[in-house]
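**Student:** To start, I am sharing the structure in question, which I have written as structure tokens.
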Amino acid sequence: MSRIVILGGTGYAGGHLAAQAADRGHQVLAVSRSAQSTPAASVEHRAGDVRDEAFLAEILDGADVVVSALSPRGDMADLESFRSLQKTLARLAQEKSVRLGVIGGAGSLLVAEGGPKLVDTPDFPKEFAEEPKVLDAVLQDLRASDEGLDWFFLSPAAGFGSFAPGEATGTYRVGGDVLLSDESGTSFISGEDLALALVDEIETPVHRRTRFTVAY
């Protein structure tokens, strides 16, 4: 059993992760800015501002893994403030020997080997282009981090989100830096199956200091 701290633990991705991890017997702390109901009765909840380094350090005490399910939106939307938060999280995780996981987006994935990133393709909605660029900057910071930091970065399929929740199938495919699509060209993963992949990685680490993606 691991103690897993989830930043953004009551959101879509974080909530699914919290429920899956608790169901599999892990001790889970879901962290969000305000008091909310938790995804499962056995999930502990803390409300607080993760930009407060003292609060962040406190909730990491005793953790085995911390997963950032945060999005660069609202007052964390600008590049530098979000990168600063993630760098602080990475530093504290390394200091406390906590494994760090980051749930990113699909926008920074390549559409094909040697091809452009999804966010840079003509059909990618311009109004949503900033968020994947911020998350890609976080990924590059992790790749440049000290070797003593144990991290992984998970980019979901393009069709991941509360707008298309899908259903649990208990299966998924794993890729690296290239977007995964099925035979019809659809790139999709449900919230439950993304959480399945995350807990599998936590329980049996395969992707150390690297990014991976999952889809059907």
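Going by UniProt numbering, the sequence shown opens with residue 1, and the numbers climb by one from there. A virtual CB, placed ideally from N, CA and C, is assigned to each residue, including glycine.
Give me the Cα-Cα distance between F55 and G107, rounded to the nearest whole angstrom.
**Tutor:** Approximately 31 angstroms, taken between the alpha carbons.
**Student:** Please work out which residues of its chain come closer than 7 angstroms, Cβ to Cβ, to Y12, disregarding the five sequence neighbours upstream and downstream, and give them in chain order.
**Tutor:** Around Y12: G161, S162 and G191.
**Student:** Going by C-alpha to C-alpha distance, which of L149, G166, I189 and G148 sits closest to residue 250?
**Tutor:** Lying outside 1 to 216, the shown extent of the chain, residue 250 is not represented and no answer is given.
**Student:** So, at 7 angstroms on beta carbons, what are the nonlocal neighbours of R51 in its own chain, with the 5 sequence-adjacent residues on each side left out?
**Tutor:** Closer than 7 angstroms at the Cβ level, and outside the excluded window around R51, lie L85.
**Student:** If you follow the beta strand (DSSP E) that S84 is part of, which residue opens it and which one closes it?
**Tutor:** Premise fails: S84 lies in the alpha helix (DSSP H), L79 to E95, not in any beta strand (DSSP E).
**Student:** Could you tell me whether the Cβ atoms of A69 and L142 are closer together than 8 angstroms?
**Tutor:** Against a cut-off of 8 angstroms, the Cβ pair of L142 and A69 comes out as no contact.
**Student:** Verify the CB distance criterion: does V178 have a CB-CB separation below 8 angstroms to chain D?
**Tutor:** Protein chains in the displayed structure number just one, and chain D is not present.
**Student:** For A129, count the other beta carbons within 10 Å of its own beta carbon; 16 or more makes it buried, fewer makes it exposed. Which is it?
**Tutor:** Per the 10 Å Cβ criterion, exposed.
**Student:** Roughly how many angstroms separate the alpha carbons of residue 253 and V111, rounded to a whole number?
**Tutor:** Examination of residue 253 is not possible in this model, given that the chain is present from 1 through 216 alone.
**Student:** Measuring CB to CB, does H207 end up less than 8 angstroms from F124?
**Tutor:** Their beta carbons are not under 8 angstroms apart, which means H207 does not touch F124 by this criterion.
**Student:** Considering only the alpha carbon of each residue, which of S97, G8 and L79 lies closest to residue 239?
**Tutor:** What the structure shows of the chain is the stretch from 1 to 216, and residue 239 is not part of that stretch, so it cannot be assessed.
**Student:** Taking the beta carbon of R73 as the centre, do at least 16 other beta carbons fall within 10 Å, making it buried, or is it exposed?
**Tutor:** R73 should be labelled exposed.
**Student:** Using DSSP with H/G/I as helix, E/B as strand and the rest coil, what is A215?
**Tutor:** Of the three classes helix, strand and coil, the one that applies to A215 here is strand, per DSSP.
**Student:** Scan the region 86-171 and note each continuous beta strand (DSSP E) run of 3 residues or more that stays entirely inside, going in chain order.
**Tutor:** As far as the region 86-171 is concerned, its whole beta strand (DSSP E) runs of at least 3 residues are 99-103 and 151-156.
**Student:** Taking the Cβ atom as the reference point for each residue, do V67 and I103 lie within a distance shorter than 8 angstroms?
**Tutor:** Contact: yes.
**Student:** Apart from the five residues just before and just after R24, which ones in its own chain have a Cβ nearer than 8 angstroms to its Cβ?
**Tutor:** Here the set comprises V199 and E203.
**Student:** What does a CB cutoff of less than 8 angstroms around T92 pick up in its chain, not counting 5 residues either side in sequence?
**Tutor:** The sequence shown places Leu at residue 92, not Thr. Correct list, in chain order: E53, L56, A57, L60 and V98.
**Student:** Would you list the one or two residues that DSSP bridges to E44?
**Tutor:** Its beta-bridge partners are L29.
**Student:** Report all residues from its chain with a CB closer than 8 angstroms to the CB of A19; omit the five preceding and five following residues, and keep chain order.
**Tutor:** For A19, where only same-chain residues beyond five positions count, the Cβ hits under 8 angstroms are P39, A40, V43 and A195.
**Student:** Give every residue of the same chain whose Cβ lies closer than 7 angstroms to the Cβ of V178, excluding the five residues on either side of it in the sequence, and list them in chain order.
**Tutor:** The residues are L109, L110, A112 and E113.
**Student:** Helix, strand or coil for I189 per DSSP?
**Tutor:** Note: I189 maps to coil in three-state DSSP.
**Student:** My output table needs one value for V50: the three-state DSSP class, helix, strand or coil.
**Tutor:** Note: V50 maps to coil in three-state DSSP.
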